[in-house]
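Protein chains in written order, with this note's numbering: chain A, 1261 to 1501; chain B, 130 to 452.
Note that CB positions come from ideal geometry on N, CA and C, so glycine has one too.
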């Protein structure tokens, strides 16, 4: 079943076509990755879906309803949560309070929100740092906090903007495990933009390749990396994996 | 807040409640002023300290609140307890209009601050020409003997006024403590720290900023009602003046913006400082104009340089009253 669908979505910046006639879909319960070289339009497409950039043309549907033109908070209300590539923690608040802000969306009572936030932090390995101000966290921990906060809103679809960038392989592993678990256990669909191919290969069931604002390929990860067109535009010519 | 903090707070409360029985009129007037700024500072702290919106025009709510209740009393003999509802309503509406203009059309940061200043200046000049309320010549409430307490009309002894403002300041502290650990407190702080991230977590930022604006404005208007009946006279040049807005925000900045006790501590320190400077000058016999302001300014500069986050966070660590 389709959860998220973009239909012929386009966006130009001063004549430059950043996203051109993109139609794609994300299935319920699936993990879908969006890859492509720098400047391919991934972040623009992501921002169109997340409601921070207005589209020029096309439609975006979520569970069959039009969602283009809605504000980010309305999208969150519908069940779409996101992380930011450049992390945006609430620096002055504690790690726990950061996550409580997200958890208050799905919990009427503060005590319930706190319990949920605590359990998410435990799962992400941030439990010991719950009372620290978010400003003192290291980058990997901030990346985790981004995910923790977004997950706390109990989304149906999680949009991850380079959640793994800047993490060492050993730090990626627990994050991959966590994402796989919320996908399997809670049925959260995930759409991720990712440069870390390890993470894409390990997580995604479907990979969509963008190049110069257009979808050039889609398929299972192991097929995608053998597609000549992908190798050419994304990894460069004459590269084999 | 832990048990130690609660016991310290309780002892402070006892001291303040007992003060009129031991203090001279002069000390009581200083304490009244301290509590007035502790109250208005807390009201401003909701908007700036919690929700992160810098208003430099809070004198507008002070002035409109003061004039509304004073006008009802002056022209129609309506007491302040009835009149304050008009003050609350007018200032809530005024806050809502300014907020709607600013937040709807994305007037943020320094531009929001300029808007608040502009509205206050507009009101100052407008009231200067509002002859029904005395214009620039001022509005004077009937002065009654100060030894009889008429709580209904808010006429009475300095001690009565002291208790009224003490009750207001205490109520503001209770409200802030309550709201800070509830959804509005979390949402305001999230907006303050990062509005985009807050919105992505489902927070309707416009609505919550409006709420902060309306609460802060209405609370400040009650300070205005108190001001009108305490001083018995109102001048647009004084009550709407930008120096009033600055006086309101000094306490929270010195004490610690966004903290619960910062505005109260800051107001106390400023009262002591202003008064201390006067005392020192009187003791030494120096009568150099502006020296008091100079001492005041240097002390403020020192505090802001050494403790940029305010005195309260540092003191709280020393007293071990915060986690």
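- Cα atoms of residue 197/B and residue 216/B: separation of roughly 5 Å, rounded to the nearest angstrom.
- In terms of Cα proximity to residue 1442/A, the closest of 1383/A, 1346/A, 1266/A is 1383/A.
- Considered as a whole, the region 1337-1416 of chain A harbours 1340-1342 as its complete beta strand (DSSP E) runs of no fewer than 3 residues, in chain order.
- In terms of beta-carbon proximity, residue 1365/A lines the interface with chain B, with at least one pair separated by less than 7 Å.
- Distance from the CA atom of residue 258/B to the CA atom of residue 205/B, rounded to whole angstroms, is 21 Å.
- If you check each beta-carbon in the region 313-334 of chain B against every beta-carbon of chain A, the ones closer than 8 Å belong to 315, 316, 318, 319, 321, 322, 323, 325, 326, 327, 328, 329, 330, 331, 332, 333, 334.
- In this structure, the CA atom of residue 1467/A is about 6 Å from the CA atom of residue 1480/A.
- Residues 1263, 1264, 1286, 1322, 1339, 1340, 1341, 1448, 1449, 1450, 1451 of the same chain have their beta carbon placed closer than 8 Å to that of residue 1417/A, with the five preceding and five following residues left out of the count.
- Contact with chain B is found for residue 1348/A, since one of that chain's Cβ atoms lies less than 7 Å from the residue's Cβ.
- The C-beta distance from residue 201/B to residue 186/B rounds to 24 Å, too long to fall under 8 Å, and the pair is not in contact.
- When beta bridges are read from the DSSP output, residue 269/B appears opposite 362/B.
- Beta-bridge partners of residue 1293/A (DSSP): 1452/A, 1467/A.
- Inter-residue distance for residue 324/B and residue 208/B is about 43 Å (C-alpha atoms, whole angstroms).
- The continuous alpha helix (DSSP H) containing residue 193/B extends over residues 188-205.
- Between residue 1289/A and residue 1268/A, the beta carbon gap of about 25 Å keeps them out of contact (Cβ cut-off 8 Å).
- Residue 1487/A is bridged by DSSP to nothing; it lacks a bridge partner.
- Residue 1355/A sits close to residue 1389/A, with the two beta carbons spaced by under 7 Å.
- Here the alpha carbons of residue 263/B and residue 419/B stand approximately 31 Å from one another.
- Annotated three-state conformation of residue 1441/A is helix, per DSSP.
- Residue 1265/A is bridged by DSSP to 1285/A, 1321/A.
- Residues of chain B whose Cβ lies closer than 8 Å to the Cβ of residue 1352/A are, in chain order, 318, 321, 322, 387.
- In this structure residue 1470/A is in contact with residue 1302/A, their Cβ atoms being roughly 6 Å apart against a cut-off of 8 Å.
- In terms of CA proximity to residue 1363/A, 1415/A leads the group 1348/A, 1332/A, 1415/A, 1307/A.
- At a cut-off of 7 Å between beta carbons, residue 1361/A contacts chain B.
- Taking the beta carbon of residue 1402/A as reference, no residue of chain B falls within 7 Å; the closest one sits roughly 12 Å away.
- Contact of residue 1332/A with chain B by beta-carbon distance below 7 Å involves 328, 329.
- In terms of Cβ geometry, residue 1332/A and residue 1405/A do not form a close pair [threshold 7 Å].
- Against residue 1413/A, the close residues of chain B are 330, 331, in the order they occur along the chain (beta-carbon pairs closer than 8 Å).
- Here residue 233/B is exposed, its C-beta having fewer than 16 other C-beta atoms within 10 Å.
- Using a Cβ distance threshold of 7 Å, residue 301/B and residue 389/B do not count as a contacting pair.
- Within the same chain, 179 come within 7 Å of residue 318/B by CB-CB distance, once the 5 residues on both sides are set aside.
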